[in-house]
Structures are given as C-alpha cells and as structure tokens.
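Under my numbering, the first residue of the sequence shown is numbered 3, with each subsequent residue one higher. Scroll down for the structure; my scribbles are underneath it.
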Amino acid sequence: MSANDRLPTLVPVNTNPQVSTVENSRRKSTTVNGGWGSETVEESQAYIEAGYAFALGLAVYDRRTELGLTQTELARRAEMTQPQISNIEGGDSVPTLPLLTRLAKALDASLTIDLEGDTSAFAFNAHDGHQPDESSTDGRTSAA
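Spelled out as structure tokens, the structure:
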C-alpha cells in the first residue's frame with residue numbers, strides 16, 4: 003500500500019460554478035495486505051482531523067483561484083499574511099472562526115461547513131449578484 007492509498011478521499015459535491023465545495027470522506031480503518039496476511043489498522047484522530055484541514059484548505063484554494071486572486075491579494079483582503087493563506091490552503095493550520103469570517107468576506111462568499119461522522123464538506127458559496135469585476139471600490143482587482 004502506498005502513502006497515497008491512505009490520503010483522504012476528496013470529491014466535488016456539486017457542479018454549480020458559483021459554489022466551491024470539497025468533501026472529505028474518511029474511513030475508520032484500513033486493511034493492509036502484506037506478505038504475512040492482512041491486518042486492520044485504525045486511523046488516528048489526528049490523521050482524520052488533518053483531512054478536515056486539508057479539505058478546508060482546498061475549498062479556500064478553489065474559491066481564490068476561481069476569483070483570479072493571488073495568495074497575497076487574498077491575504078490583503080482578509081487582513082492576513084500571505085504565509086497564513088499558504089498554511090491554510092496547504093492544510094497546515096485551521097483558522098479560527100473570526101479568521102474564517104474574514105476569509106469568507108474576502109472571497110465574496112458565505113462559508114458552509116457540514117460535519118457528520120467521518121465526513122466533512124466545506125463550501126464557499128458566491129454571493130448572488132456579486133460576481134468579481136475588473137475593479138472594485140477599494141482599489142483591489144479580481145477577475146472571473
């Protein structure tokens with residue numbers, strides 16, 4: 003079994019271009035087949051939680067690139083630093099609720115989080131009628 007076989011399964015959960023959604027489906031255990039037979043290995047809680055961070059980071063990345071923003075531009079809009087955005091997108095850190103609120107506002111979207119059992123879904127839903135344009139009133143630019 004390769005390391006990639008143990009990564010979380012991330013699947014798009016909708017086809018609406020106005021919604022950037024990532025779902026993280028987790029298994030409680032993995033069966034490993036080796037030369038001496040098979041063995042069931044329980045995934046740690048930390049590993050499962052890392053999958054949640056990765057899924058959230060992917061949703062941020064998807065919405066940011068949909069808007070044509072760089073990490074630096076998103077950081078400026080959200081009053082954060084570029085390394086903070088990079089860490090979130092890479093799944094290396096999970097932002098607090100106030101930071102999630104600023105991110106959603108900077109991404110001109112609402113954030114929906116659905117946590118049920120070992121499944122998580124994170125969706126940035128574009129605000130109706132608020133499509134990015136070439137220039138905004140605050141001087142920052144974004145492209146669709």
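By construction, the Cβ of each residue, glycine as well, lies at the ideal position given by its N, Cα and C atoms.
Straight-line spacing of the CA atoms in Val-96 and Ala-55 works out to 6 Å. Setting aside the 5 residues that flank it on each side, His-129 is surrounded in the same chain by Asp-110, Ala-111, Ser-112, each with a C-beta closer than 8 Å to its C-beta; the list follows chain order. In the structure shown, the three-state DSSP call for Asp-120 is coil. In the displayed model, Thr-74 falls within a helix according to three-state DSSP. Looking from the CA of Thr-103, the closest CA among Gly-93, Thr-74, Leu-71, Val-62 belongs to Val-62. Around the beta carbon of Ile-115, fewer than 16 other beta carbons sit within 10 angstroms, so the residue counts as exposed.
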